[in-house]
Amino acid sequence: VKADRRIREQLGAWLDGELPAGQAEEISRALERDPALAEQLRRLRQLERSLQELAPIEPAADFEARFRARLARQRAGAVASWRERARERLRTAPARWALGGVTLAGAALALLLAQRAPLRTERDGDWSIVADAERYELLQDQDLELLEVLEVLEAWDGSQEG
Amino acid sequence: MVDDDARLMLAFQAGDRRAFEELFRRYTPRLLNFLARMLRDRARAEELTQDVFIRVHNAARRYEARTRFSTYIFGIAHNLALNDLARAHRRREQPLDGGNPGAWRAPGPDAVEQIEAARTQEALDRAMAELPQRQRAALLLRTQQGLGYEDIAQALGTSVASVKSLLHRAREALLAKLGDLL
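In order, the protein sequence lines correspond to chains A and B.
If you're matching positions, the first sequence starts at 1 in my numbering and goes up one per residue.
If you're matching positions, the second sequence starts at 1001 in my numbering and goes up one per residue.
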């Protein structure tokens, strides 16, 4: 009874071609000798056909147009918020550039010192040179990003005017 | 393995907008059918189909072709459907269209066959709606979308053994409900 139940449970996977060869062979043999299992397979096949024949649902005629409009609204919203953030950054840019200059000089000095003397290990205590170098790289990244923002804003303004 | 649809997504990631349009064309009917039968609400299914594409569009830069593209996109659709069903359940909303996910396909040539086919489809649609959500999702992904067990498991975030069990229980329930119609 247990074996019959297991075989019955695997009939769907057999129909889907998802059983390993050994198990599939076992189901095939059981189907030959068990009419009730064969009837179950017939009903499963019929169910499969009915499921595949369920009425297809077509999108509304304006589906694509509505999607494009949603995408455009979302992009416009993103650009507007990007512009606002960029304006805020521009307002604080002079201070940032000044800070950047000071940090840059500090980092350059630190790198110069680092070239003269090899870095000490963490156990020895002082990682300030490494930290400065990392800050220097971060600063560079931020400046590049700011330039990118400016370029995009110029392009955006140009397209708006056009 | 990078399938054809995943290649399109990678092309879109590299800046090819036509690749996204092609994916949109290929997957709109598939997603809409899956979501309409998951939600039993055609209008909501259209909205969620659009949500899926917006997510795919916005996530393009982070996309990695680690699974088949169909697994990736139906995974998103399934998650959105579950969230939506949970929200609808909390609001105890009823579908506005009376629960019919779409119009019936034109039946066979013979009038009796037409009536029989319509009866079977109506009963099947009703029985599908009564299945637990995960059983319904697994069955739709298998029979209507043709996904293999491994892909279904990834899309639903479960194991292959669990998919096998979900499908078995779903089919048994449908056979029991449809009775003599099959």
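Note that beta-carbon positions come from the ideal geometry of N, C-alpha and C, so glycine has one too.
These numbers come from a predicted model, not from an experiment.
In the DSSP assignment, the alpha helix (DSSP H) including residue i goes from what residue to what residue?
i: B:Glu1172; result: Val1160 to Leu1178
i: B:Tyr1027; result: Arg1017 to Leu1039
i: A:Asp34; result: Run containing A:Asp34: none; DSSP gives neither H nor E here.
i: A:Glu9; result: Lys2 to Leu15
i: B:Leu1156; result: Tyr1149 to Leu1156
i: B:Ala1006; result: Asp1004 to Gln1013
i: B:Arg1134; result: Gln1133 to Leu1139
Are residue i and residue j closer than 7 Å when you measure CB to CB?
i: A:Gln46; j: B:Leu1182; result: yes
i: A:Glu18; j: B:Tyr1149; result: yes
i: B:Thr1071; j: B:Asp1003; result: no
i: B:Val1052; j: B:Leu1023; result: no
i: B:Ala1077; j: B:Phe1034; result: yes
i: B:Leu1139; j: B:Ala1170; result: yes
i: B:Arg1134; j: B:Leu1166; result: yes
i: B:Leu1175; j: A:Arg83; result: no
i: B:Ala1155; j: B:Phe1069; result: no
i: B:Gln1050; j: A:Phe67; result: yes
i: B:Arg1042; j: B:Ala1129; result: no
Identify whether residue i lies in helix, strand or coil by the three-state DSSP scheme.
i: A:Pro94; result: helix
i: B:Thr1067; result: coil
i: B:Ala1059; result: coil
i: A:Gly22; result: helix
i: B:Gly1075; result: helix
i: B:Leu1182; result: coil
i: B:Gln1050; result: helix
i: B:Gln1144; result: helix
i: A:Ser128; result: With a pLDDT of 33 at A:Ser128, under the threshold of 50, the modelled position of this residue cannot be trusted; read the value that follows with caution. If DSSP states are grouped into helix, strand and coil, A:Ser128 belongs with the helices.
Completely contained beta strand (DSSP E) runs for the stretch 40-118 of chain A, where each covers 3 or more residues: For the stretch 40-118 of chain A, not a single whole beta strand (DSSP E) run of length 3 or above is found.
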